[in-house]
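Numbering (my numbering), first residue to last: 6 to 137.
Yeah, the Cβ is synthetic: ideal placement off N, Cα and C, and Gly gets one too.
Below is one structure, written out as structure tokens, with a few remarks after it.
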């Protein structure tokens with residue numbers, strides 16, 4: 006079952022991911038110095054950002070002109086990349102009020118493909134994780 010509207014998700018219709026705790030050791034660690042290509046142009050080094058930053062990882066930027074892969078909605082945590090990104094956009098003032106100075110999304114897709122997210126006016130850049 007693939008839901009057709011990328012910006013709206015019926016969360017009851019898809020499996021929720023389970024937090025297995027495998028990333029809990031990362032809290033409070035410093036970000037390494039790694040320059041990443043940004044949809045805002047050039048590169049940004051998350052390790053050089055000042056203050057609190059939100060870096061969220063997502064599997065894929067959906068595009069209205071490209072159907073989601075078969076079974077995508079059945080993978081826990083896969084569906085909802087665009088609405089998740091929009092939620093960070095919608096909560097940007099609340100995050101700023103709590104001291105967050107930067108928000109970035111990270112996926113493995115090309116920055117050109119990620120640029121399709123401009124249609125939802127995120128207000129922050131997306132990074133492409135470098136291979137290797």
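Own chain, CB closer than 6 Å to residue 1, minus 5 neighbours either side, in chain order: Any property of residue 1 remains undetermined from this structure, which presents the chain solely from 6 to 137.
If you count every other CB in all the chains shown that lies within 10 Å of the CB of residue 19, and 16 or more means buried, which is it? buried
Between the Cα of residue 159 and those of 94, 15, 52 and 44, spot the shortest distance and give me the residue it belongs to. Nothing about residue 159 can be read from this structure; the chain reaches only from 6 to 137.
Secondary structure at residue 28, three-state DSSP: helix, strand or coil? coil
Touching or not, the region 97-111 and the region 53-60, by the rule of three or more beta carbon pairs under 8 Å? yes
For the candidate residues 89, 40 and 36, whose alpha-carbon lies nearest to that of residue 16? 89
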